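Visitor:
In the working numbering, the protein residues as written are 22 to 395.
#1: Assign residue 131 to one of three DSSP states: helix, strand, or coil.
#2: Based on the DSSP output, what are the partners of residue 158 in its beta bridges?
#3: According to the Cβ coordinates, are residue 392 and residue 61 closer than 8 Å?
#4: Which whole-angstrom value describes the C-beta separation of residue 228 and residue 241, a residue pair presumed to lie in contact below a C-beta threshold of 8 Å?
#5: Less than 6 Å between C-beta atoms, sequence neighbours within five positions excluded: which residues of the same chain meet that for residue 339?
#6: Starting from the Cα of residue 4, find the closest Cα among 331, 306, 124, 336 and give me that residue.
#7: Give every residue of the same chain whose Cβ lies closer than 6 Å to the Cβ of residue 311, excluding the five residues on either side of it in the sequence, and list them in chain order.
#8: Could you tell me the distance, in whole angstroms, from the CA atom of residue 217 to the CA atom of residue 27?
#9: Counting Cβ pairs, one atom from each stretch, are 3 or more of them under 8 Å apart for the region 379 to 387 and the region 129 to 148?
#10: Taking the DSSP output, what are the residues bridged to residue 175?
#11: Looking at residue 58: is its Cβ nearer than 8 Å to the Cβ of residue 168?
#12: Counting only runs that start and end within the region 212 to 281, where is the beta strand (DSSP E) found for 3 or more residues in a row?
#13: Determine the extent of the alpha helix (DSSP H) in which residue 137 is found, giving its start and end residues.
#14: DSSP three-state label for residue 300, please.
#15: How is residue 27 classed by DSSP in three states: helix, strand or coil?
#16: Start and end of the beta strand (DSSP E) containing residue 351?
#17: What do you reckon, are the CB atoms on residue 269 and residue 284 nearer than 8 Å?
#18: Reducing DSSP to helix, strand and coil, say where residue 318 ends up.
#19: Please classify residue 363: does DSSP put it in a helix, a strand, or coil?
#20: In whole angstroms, what separates the C-alpha of residue 179 from that of residue 54?
#21: Give me the residue from 355, 348, 334, 155 with the minimum Cα distance to residue 318.
#22: Any idea what DSSP makes of residue 103, helix, strand or coil?
#23: Does the distance from the C-beta atom of residue 46 to that of residue 150 stay below 8 Å?
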């Protein structure tokens, strides 16, 4: 029997502690799986949440869940992806066939949903082992902080070989979540005034998605001047620094007192959730994208704040994305120059610098950090 493949990976071995970079044994892909050599992997706040125990996962676990790379092997029965293909790895497997997928609710896929918590692939096992033989788990059936990884074929989408891996690595989670919230979840009509609260990678993707959806006027809200400047460069007609002024009052002033038609909330803390509701006009829509903690609530009076104002509230998971359709749509827009990915990448790191990359997410001017592999 040939020796197992080896993959250098960043592993969470203890909650709240730095990741450990170590060599792991990588088994061959099984039926319905592919092996991918990672070219670049985005670092996301969800990775930090797993490391810190806010998103429960078994340990040890390789973090990372959005990436781009090259397929190096395919398992039995895989016919849609081939060795040598360039692919985006998405954060949520989608079978396309279950009850939810058949209803167009691909982000709620019944096959993909369990892997959000188990740290295993679809068959309940993992393809990674430490030197002592212990199984090492993979975050949401991916674990992309690794040189190579085996993932379900339903987690990957083929992309053109001329699309660089670094910007493409952001598509599989943050960009899909943000752009999808505007393109799939929100009901944006021509000439609508759309407000995006939070100008990180998700919010800036939502801003661009709203522009592609035909919004007439885009307004960005954040507390970091550098992010607001980038939002303006990406299409925001007005920007509001909510540290300097009352964002709700500013939106009312900018809309002649009517309020916004659509507000996309990408932060998930109580003050921004409350502000999103208040700055939305009668008959408007609030799209909640930010992953709030257990204490964050949507608090509104039944008649005065909901029925009487005819507002619509919508929670969105993973941008209501259908990954085969939406990854392709974003890549095509990127190649056409109508969707910016490169400027969302603030800094790149090597795998050995993964902990510095995670720390960089806390810097105010960092939109996205990416691990770039040789």
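Glycine is no exception: its CB is placed at the ideal position from the N, C-alpha and C atoms.
Model, not experiment: these values are computed from the prediction.
Guide: According to the data block:
#1: coil
#2: 82
#3: yes
#4: 6 Å
#5: 113, 128, 198
#6: The shown model of the chain, from 22 to 395, leaves out residue 4, and the question about it has no answer.
#7: 286, 287, 288, 289
#8: 43 Å
#9: no
#10: Partner(s): none; residue 175 has no beta bridge.
#11: yes
#12: 214 to 218, 238 to 243, 259 to 262
#13: 136 to 139
#14: helix
#15: strand
#16: From DSSP, residue 351 is part of no beta strand (DSSP E) but of the alpha helix (DSSP H) over 344 to 356.
#17: no
#18: coil
#19: helix
#20: 14 Å
#21: 334
#22: coil
#23: yes
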